[in-house]
Structures are given as structure tokens and as C-alpha cells.
């Protein structure tokens, strides 16, 4: 058994939240550069270059990429050979609190009814799972509300089929329109049940922009959805163009014979995610 | 590119067309969800407002905390449609300009043309870039709301695009998705 302390977990999480908010991941930067090269609309092209320029300012380390530094969504995979010393939930929230305070990040978490800000950006959204081995893997996405508010879930039926799924995904992007900072990265969860399809959609965002599913039929579906979304003409920041989404990522899981749950997670262009292992 | 000064005078607003790119200099006030709810409540109960609304420009923004020595942190726009239910009343009470991102509701668009106002979009997700346009900031109301307080910002060459002009034109309606 390998022992990992709550202090190790807290300091790792604190470092992750700061880095995620100041450094746009390489896969996102590359996808933006590729889109800027291929975009034919001149205005859209300029906006894509401005987004890349914003990342260059941010990576100097004094200004976060976006003022909405998000709610921290943290996926933790705990190896079965690991013994955790202390309370892992408290350790993660302590790390989030330290990172948001010391990194000059905005505290954007409030009570849902009183709307009183918790002042610490906690509680974080924490998903724990077990795996094999002597490590803990921590993956983080700091999700802004502009895009999260445009996400949607629909309990479809088997008769809706692939056509129904594609229409729902494209309609959800259309409704997001110019409001949620396109070009989008679209995470889609198909199957499972109500809460599982939402989780699949969110988790797909960690895959890496431009990485297609290893399942051939699913990759084909991703490619079809991306083409249809980019025909909407919304364009970067909603000012028209061919680049409405950079990537569509679909995760599937078997579901009940009577069900077809589908969740669409809209992610803005400032797709901040980062992983590390302890 | 048109250079304009905030607060806005009517001639400036009347000269703006949907699709115009502008550089705004002068004074603007941040207000987002919580501050809107409070200001609208003050109007309804005939209480004193934290700033004179006439001709002012509101910026839908909640900045990150400023590092020591910096006037502000990252400060891009937030989604405008969340303010839609409050906006017509504010326009009736003198607000002339709003800066945010994304589409507005039909009642808001109608209120913009009726009151001779203008709605701009700033570039969403470019918070670090926008910090460079802000020369100073100070909290004028509701400090307890943290990032949702009302900040007065002095801006220089703040880039935005006219979405809804005073003549009733809407830039987004030109695009396929609208």
C-alpha cells in the first residue's frame, strides 16, 4: 500500500486549478490555430487569432484566460494500492480554496436559493472512481456558466434513433447561438440513464480536442455532427463563419431497452482542462 | 472602427449601426445578475440609486480579483440574456448602452429602439485581453457581492461590436442561426 496524504492532494489540486485557468491546453490552442488557417470568413479568422492572442497574454501568469474561472469539476481515479490519509473530499475542497485565493481567481459559487457566495469557490464538483495501481489520477475542468447554462439533457426513446440524436445535438448548439462563446467543444453522452449520460457528456471533454472516438461508428457520428454544426453559420463568438465547433466528442454506454438518454455538454472555446497523477 | 465616449450622447447613439465596430473610452459601470436585481428593487421602491443612470453604459461583467498594482483582473463579458427581464425598466430610467455577449429577447430589442439606446457585444472569453483596456476600477455599490458588485471602470479603446442599434436593426438576424 502506498500512502498519499491529504496535504499532497490539496497542494496538487491547488496547482491544477491555477494552471488550468492561466494556460490553455495544447490541444485547444492547436485546434484554434488549425481553425484560423482553414476559416474562410475574414472576420471569423481575425477573431480566432484574437482568441489565441488572449491565451498569449494569460500565459504570462497575471491575468486568467477568462473572468469566469468556473466551478471546479474534478474527476479522481484512485488506485486500489493507495491508502489515503485523511478526508479526500475535504482535501480537494481545501486545494480548490487555496488555488482560487492564491491564483487571484474569481469565486463563482453561491447558494442556489439565497444566492449568497460561499467566498471560496467551494464546494467543488467531485467525482471519485476506483482503478488499479499505486497512483491517484486527478483531472480537472474549470467550467464557466455561460456554456454550462446552454447544456441540455433529453430522455429520448429508441425510435428517435441516430437522426433524433443528431437533431437534438445540433438544435442545442443552435440555441447556444452566440451566447456561450463559440467555437464550441461539444461533449455528448448517449446511453446509461439520466445521470450517467450527463456524466459521460462532461467526461468526454477531458478526451482532448480533435481526438475522435476509437469506436468506428461513434467516430463517424462525431464527424457527422461536427459537419452539421459547422453548417449553422454561427461562427467564432457568433459573428458568422464556418467555425462554430472545434470538436464533437461522443461517449456511449448501454442503456435500458426502452430508453435513449442523451446529454449535450456545451464547452466554450476557453476549454480549460488539466490532469496529473500523484 | 468608430471611436465613441461613454456616457453616450444621443447623436453618438444615432450614428451607430448594427455591425459597426467601436472603441469605447470613458466611464462604464459593471452590473450582472445580483446587481441588476438590487438596482431594479431600488427603482421599484423609489430609493436612491448607487449611480445616476442617465446616458450611462452598463457592462455585464464580473471581474477576477485584481493583483496588487493592477487596476483590475480579467474582465470579459458575461451572457446578456440573463439580464433581459431587468433591461426594459433600466432603459426607461435612462440607461443608454449595454455591453455583453449573445442575443437579446424581443422585448429588450423593442425597448432598445423605443428608448434610443444601443446594445454592444464584447468578445466573449477574452478576459485577459480586456483587462488591458481598463485604466482604473472602483466599487461604487454592493461590495458584499464580491465579483457581482457594481464597479465603475475607466476604459480606453474598449473594443465592441454594435448588435442592436437604436433604429431597430439586429446584427445577429443577418446570420443563418438567428
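Residue numbers (my numbering), protein chains in the order written: chain A, 673 to 950; chain B, 62 to 239.
Where is the CB? At the ideal position from N, CA and C, for every residue including glycine.
Model, not experiment: these values are computed from the prediction.
Item to check | residue 239 of chain B versus residue 846 of chain A: straight-line alpha-carbon distance, rounded | outcome: Only weak support exists for where residue 239 of chain B lies, its pLDDT of 48 falling under 50; the value from the coordinates is given anyway. Cα-Cα distance, rounded: 8 Å.
Item to check | Neighbourhood of residue 745 of chain A by C-beta distance below 6 Å, restricted to the same chain and skipping five residues each side | outcome: Residues of the same chain with a CB within less than 6 Å of the CB of residue 745 of chain A, apart from the 5 flanking positions on each side, are 797, 813 and 815 in chain order.
Checklist entry - How close, in whole Å, do the beta carbons of residue 910 of chain A and residue 850 of chain A come, if the pair is a contact with beta carbons under 8 Å? => result Residue 910 of chain A to residue 850 of chain A, Cβ: 2 Å. Contact.
Item to check | Proximal residues to residue 752 of chain A (C-beta, below 8 Å), its chain only, five neighbours per side dropped | outcome: If we look at residue 752 of chain A and ignore the five residues flanking it on each side, its Cβ neighbours are 802, 803, 804 and 805.
Next on the checklist: Taking beta-carbon pairs under 9 Å, can you tell me which members of the region 171 to 182 of chain B lie near chain A?
Outcome noted: Listed by position along the chain: 182.
Checklist entry - To the nearest angstrom, how far is it from the Cα of residue 100 of chain B to the Cα of residue 693 of chain A? => result In this model, residue 100 of chain B and residue 693 of chain A are separated by some 31 Å (Cα to Cα).
Checklist entry - Does residue 695 of chain A come within less than 8 Å of chain B when only Cβ atoms are used? => result Answer no: the Cβ-Cβ gap between residue 695 of chain A and chain B never drops below 8 Å.
Next on the checklist: On a Cα-Cα basis, can you pick out the residue from A/902, A/883 and A/895 that is closest to residue 843 of chain A?
Outcome noted: Its Cα nearest to that of residue 843 of chain A, the residue A/902 stands out among A/902, A/883 and A/895.
Next on the checklist: Is there a Cβ of chain B sitting closer than 8 Å to that of residue 740 of chain A, yes or no?
Outcome noted: Closer than 8 Å: yes.
Next on the checklist: Checking 8 Å against the spacing of the C-beta atoms, do residue 697 of chain A and residue 946 of chain A come in under that value?
Outcome noted: Closer than 8 Å, so yes.
Next on the checklist: Is there a C-beta anywhere in chain A that falls below 8 Å from the one on residue 63 of chain B?
Outcome noted: Not an interface residue.
Next on the checklist: For residue 62 of chain B, count the other beta carbons within 10 Å of its own beta carbon; 16 or more makes it buried, fewer makes it exposed. Which is it?
Outcome noted: Of the residues assessed, residue 62 of chain B falls on the exposed side of the cut-off, its CB having fewer than 16 other CB atoms within 10 angstroms.
Checklist entry - At a CB-CB cut-off below 9 Å, which residues of chain A make contact with residue 208 of chain B? => result Within chain A, the residues near residue 208 of chain B are 739, 778, 779, 780 and 789.
Item to check | Test item: CB-CB of residue 828 of chain A and residue 840 of chain A under 8 Å | outcome: Against a cut-off of 8 Å, the Cβ pair of residue 840 of chain A and residue 828 of chain A comes out as a contact.
Checklist entry - Is residue 95 of chain B near the ligand SAM, going by C-beta to nearest heavy atom under 7 Å? => result You won't find the ligand SAM in this model; it holds no ligand whatsoever.
Item to check | Start and end residues, alpha helix (DSSP H) containing residue 925 of chain A | outcome: DSSP places residue 925 of chain A outside any alpha helix (DSSP H); the residue lies instead in the beta strand (DSSP E), whose first and last residues are 917 to 925.
Checklist entry - Counting along the chain, where does the alpha helix (DSSP H) carrying residue 715 of chain A start and finish? => result Element bounds for residue 715 of chain A: 714 to 730.
Next on the checklist: Quick test of the definition: if touching needs 3 or more C-beta pairs under 8 Å, does the region 178 to 185 of chain B touch the region 154 to 163 of chain B?
Outcome noted: These segments touch.
Item to check | Which listed residue (B/139, B/236 and B/205) has its alpha carbon closest to that of residue 191 of chain B | outcome: When B/139, B/236 and B/205 are compared, the shortest CA-CA separation from residue 191 of chain B is found for B/139.
Item to check | Among A/942, A/787 and A/900, nearest to residue 838 of chain A - alpha-carbon criterion | outcome: If we check each option's Cα against that of residue 838 of chain A, A/900 comes out closest.
Next on the checklist: Classify residue 170 of chain B: buried if its beta carbon has 16 or more other beta carbons within 10 angstroms, exposed otherwise.
Outcome noted: Result: buried.
Checklist entry - Does the separation of the CB atoms of residue 629 of chain A and residue 881 of chain A fall below 8 Å? => result This structure cannot speak to residue 629 of chain A, because chain A is shown only from 673 to 950.
Next on the checklist: For residue 88 of chain B and residue 68 of chain B, which I take to be in contact (beta-carbon distance under 8 Å), what is that distance rounded to the nearest angstrom?
Outcome noted: With a beta-carbon spacing of about 7 Å, residue 88 of chain B and residue 68 of chain B fall inside the 8 Å limit used to define contacts.
Checklist entry - How big is the Cα-Cα spacing for residue 75 of chain B and residue 164 of chain B? => result Roughly 21 Å separates the two Cα atoms.
Checklist entry - Under three-state DSSP, which class holds residue 235 of chain B? => result Of the three classes helix, strand and coil, the one that applies to residue 235 of chain B here is helix, per DSSP.
Checklist entry - For residue 107 of chain B, which residues of its own chain have a beta-carbon under 7 Å away from its beta-carbon, when the five flanking residues on both sides are left out? => result Within the same chain, residue 107 of chain B has no close Cβ partners at all.
Next on the checklist: At the level of alpha carbons, what is the spacing between residue 80 of chain B and residue 90 of chain B?
Outcome noted: Going from the Cα of residue 80 of chain B to the Cα of residue 90 of chain B covers about 23 Å.
Item to check | Per-residue DSSP class, three states only, for residue 910 of chain A | outcome: In the three-state DSSP reduction, residue 910 of chain A falls in the helix class (H, G or I).
Checklist entry - Which whole runs of the alpha helix (DSSP H) in the region 775 to 827 of chain A are 4 residues long or more, in chain order? => result Considered as a whole, the region 775 to 827 of chain A harbours 817 to 820 as its complete alpha helix (DSSP H) runs of no fewer than 4 residues, in chain order.
Checklist entry - For residue 831 of chain A, does the count of other Cβ atoms within 10 angstroms reach 16, so buried, or fall short, so exposed? => result Counting of Cβ neighbours within 10 angstroms places residue 831 of chain A among the exposed residues, the total staying below 16.
Next on the checklist: Against chain A, does residue 128 of chain B count as a neighbour if the rule is that its beta carbon must be under 8 Å from one of theirs?
Outcome noted: Closer than 8 Å to the CB of residue 128 of chain B there is at least one CB belonging to chain A.
Checklist entry - What is the DSSP secondary structure of residue 222 of chain B, reduced to helix, strand or coil? => result When DSSP states are grouped into helix, strand and coil, residue 222 of chain B belongs to the strand group.
Checklist entry - Which word fits residue 726 of chain A, buried or exposed, when buried means at least 16 other C-beta atoms lie within 10 angstroms of its C-beta? => result Residue 726 of chain A sits buried, since 16 or more C-beta atoms from the chains shown fall within 10 Å of its C-beta.
Next on the checklist: Strictly under 8 Å for the Cβ-Cβ distance: is residue 131 of chain B near chain A by that measure?
Outcome noted: Taking Cβ atoms only, chain A reaches closer than 8 Å to residue 131 of chain B, which makes this a yes.
Checklist entry - chain B partners of residue 708 of chain A, CB-CB under 7 Å? => result Neighbours of residue 708 of chain A on chain B: none; closest Cβ ~15 Å, over 7 Å.
Checklist entry - Leaving out the 5 sequence neighbours to the left and right, which residues in its chain are closer than 6 Å to residue 116 of chain B when beta-carbon positions are compared? => result For residue 116 of chain B, where only same-chain residues beyond five positions count, the Cβ hits under 6 Å are 68, 69 and 157.
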